[in-house]
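In terms of our numbering, the numbers along the sequence shown are unbroken and rise by one, the last being 460. Heads up, the beta-carbon is just placed ideally off N, CA and C, and yes, glycines get one too.
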Amino acid sequence: MIDQTHINQLENIVGKENIYTDKAHLRAYSYDATREHYSPDAVIFPRDESDISKILSYCNKHKISIVPRGAGSGFTGGALPVNGGIVLALEKHMNKIIKIDMENMLVTLQPAVINKDLQRAVEEVGLFYPPDPASEEYSTIGGNVSENAGGMRAAKYGLTKDYVMALRAVLPNGDIIRAGKHTIKDVAGYNVAGILIASEGTLAVISQITLKLIPKPRFKKSYMGIFPDVKSAMNAVFKSLAKGANPVAMEFLDALVVKAVKEKIKVELPSEAGALLIGDVDGNVPEEVAFQERILKESFFENGAIDFRVAEDAKAQDELWRARRGASPSITIYGSKKLNEDISVPRSKLPEALEKIYEIGAKYNLVVPCFGHAGDGNIHVNVMVDGSNKKELEDGHKAIREIFELVVGMGGTLSGEHGIGISKAEFMDIAFSEEEMALFKRIKDAFDPNGILNPGKMGL
């Protein structure tokens, strides 16, 4: 519990209207998408970078924990105040787009701008910000940077890190730093921006972000490949890309997910599908789009596809993507609790990885529906359990550990986009050696020697 003296001092910094210790605020900021609860001692809404600096300087001096928070949409507990302390909630004030630079195709913004709001703003002037996490309607750009969010367009356009040009950030002692430049090339000094990306708020509080934009492609079409089984679909993924296909997205749904989507949200999908690949192709001329369609169609059929369909109008296109976006909520038909992991493997390993993941599920008699971003090797593995059944929960966690051991052994990773937070912290020993973890801890200590910033995360 934070002493009232500290609350009074922090109130002097931000004003009474921007600091709360009432039960309603503490409850509202105690959880994220994991639905786990850890109550903070106070919630503070900083008005600007100067406020953040003063708050961190004070808390560092008095060793009070600070947890930065955007929208609280993360799946791994990255914004949970596991040690109490203060939640630094950025969404109330620090949510503005500062400047869209048309000449250099850059945008500078505050960290609590919503991803989709940014997309809409830049598209109004003919530019394009590609990263589109499933949470795009409510997740913030600051949170996206802190987790290195991806999305469905990552197959062609990459991740958040590929668009971050420069950051302003506040260190735990209150110092304000700049990282990166607004130039295309910059090789002066350490890549501090690169260290802050995906650091999950453990090293500094990001206060301003400059992102690269690109021209918006003029034409786009959606497609669906229908396969008899998962193996043939996964073979089609890496073989079509090697053949020259460059789809915006190549999303995967297995038969369990197809069944769930049809049942839960009433999307009409082919009943014969053992697996689906859904995606978009785009370009600046119709011929480019047609070429991509042709390459995908040929490659899909060469790898055992039953059918290849192109959405001919906006309604059909929307229905395809409704199926994909409905995957996660639909699979709750298989269990009251899902242990949702976002493993990533080299694309050529997808057929073997999924085959063995299903075997692990069968070993524990658990249903494991899978879907995700097959075009970049990132699959959402969902181990479904009865949340009230202690043995099922234990078996589910055993299955998750075996799945992580499997994918890391294949050269993959624990997380493609959700991050580590607290949910995956216990598995860091699978992916990293003692020496590597020791290095991470030294980096943390260099930025945050008092350990006040988002403690208890990433196994640190």
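Three-way DSSP call (helix, strand, coil) for residue i in this model
i, result
"V125", "coil"
"F75", "coil"
"K469", "Outside the displayed span of the chain (1 to 460) sits residue 469, for which this structure offers no information."
"D162", "helix"
"A236", "helix"
"R309", "strand"
"A89", "strand"
"I403", "helix"
"N378", "strand"
"V383", "strand"
"V145", "helix"
"R468", "The chain is shown from 1 up to 460; residue 468 falls before or after that span and cannot be answered."
"N60", "helix"
"A169", "strand"
"V267", "coil"
"Y31", "strand"
"P455", "coil"
"T467", "This structure does not reach residue 467, given that the chain is present from 1 up to 460, and the question cannot be answered."
"L354", "helix"
"I226", "strand"
"V82", "coil"
Residues near residue i in its chain [Cβ-Cβ closer than 8 Å; skip 5 each side]
i, result
"P133", "N115, S139, N144, A149, G150, G151, E417"
"F432", "F440"
"K398", "Y364"
"K356", "L406"
Identity of the residue in the options nearest residue i by Cα
i, options, result
"R27", "G84, N12, E49", "G84"
"I155", "P130, E137, L439", "The residue you asked about is not Ile; residue 155 is Ala in the sequence shown. Nearest C-alpha to A155: P130."
"R47", "I13, F432, M458, R153", "I13"
"R309", "S222, K23, P40", "S222"
"M1", "Y58, N378, S39, K239", "S39"
"T5", "T34, C59, F227, K391", "C59"
"P81", "E402, I44, K262", "I44"
"A260", "A316, A323, V248, K424", "A323"
"F404", "G421, F427, K54", "F427"
"R218", "N303, E298, F128", "F128"
"N191", "P215, G174, K161", "K161"
"K23", "T413, A425, A42, D318", "A42"
"N454", "G77, E17, H37, G326", "G77"
"N284", "A446, F75, G126", "G126"
"A198", "Q9, L159, N173", "L159"
"G74", "R35, I86, I66", "R35"
"A305", "W321, G225, E355, G409", "G225"
"S529", "I86, A425, E11, I52", "For residue 529 there is no data in the structure shown, the boundaries of the chain being 1 and 460."
"L366", "L393, N378, I343, L354", "L393"
"K54", "I343, V407, A79, E11", "E11"
"D445", "G189, G15, D307, N173", "N173"
"A362", "G326, D101, E402, R120", "E402"
"S415", "D448, V383, M384, N378", "N378"
"F447", "K16, L56, H37", "L56"
"I331", "G72, I400, E263", "E263"
Closer than 7 Å to chain D by CB, residue i
i, result
"K54", "Within the model displayed, chain D is absent; a lone protein chain is all it includes."
Neighbourhood of residue i by C-beta, 6 Å cutoff - its chain only, sequence neighbours within 5 removed
i, result
"P68", "L88, G201, V205"
"K212", "Y163, M165"
"E136", "N115, K116"
"L98", "Strictly speaking, residue 98 in this sequence is Ile, with Leu absent from that position. Excluding positions up to five away in sequence, the list reads T108, L109."
Spatial neighbours of residue i in its chain, beta-carbon cut-off 7 Å, leaving aside the 5 residues before and after
i, result
"A112", "G70, L90, E91, M94, N95, T140, G142"
"A242", "none"
"L196", "L167, A169, A179, L203, A204, I206"
"E293", "K221, Y223, V281, V310"
"K63", "N450, I452"
"M105", "L127, K212, L213, I214"
"G456", "V82, N83, I422"
For residue i, the first and last residue of its enclosing beta strand (DSSP E)
i, result
"T210", "205-212"
"H373", "370-373"
"A275", "275-283"
"K99", "97-101"
"I176", "176-180"
Residue range of the unbroken alpha helix (DSSP H) whose run includes residue i
i, result
"A193", "192-196"
"V467", "An answer regarding residue 467 cannot be provided, because it is not within the stretch 1 to 460 covered by the chain."
"A154", "154-157"
"S344", "Where S344 is concerned, there is no enclosing alpha helix (DSSP H), although the beta strand (DSSP E) it sits in stretches over 337-344."
"K297", "286-302"
"K444", "434-447"
"V14", "4-14"
"L414", "Segment: none, L414 is in no alpha helix (DSSP H) and carries neither H nor E."
Any non-hydrogen atom of the ligand ADP closer than 6 Å to residue i Cβ
i, result
"L10", "Of the ligands one can find in the structure shown there are none, so the ligand ADP has no counterpart to examine."
Exercise. Pairing CB atoms from the stretch 267-275 with CB atoms from the stretch 170-182, are three or more of them under 8 Å?
Worked result: no
Problem set entry | the stretch 274-294 in contact with the stretch 337-349 per 3-pair CB rule at 8 Å | no
Exercise. How about the stretch 384-396 and the stretch 343-350: do they share at least three Cβ pairs that are nearer than 8 Å?
Worked result: no
Exercise. Is it a yes or a no for the stretch 295-307 touching the stretch 233-240, going by three-plus beta-carbon pairs under 8 Å?
Worked result: yes
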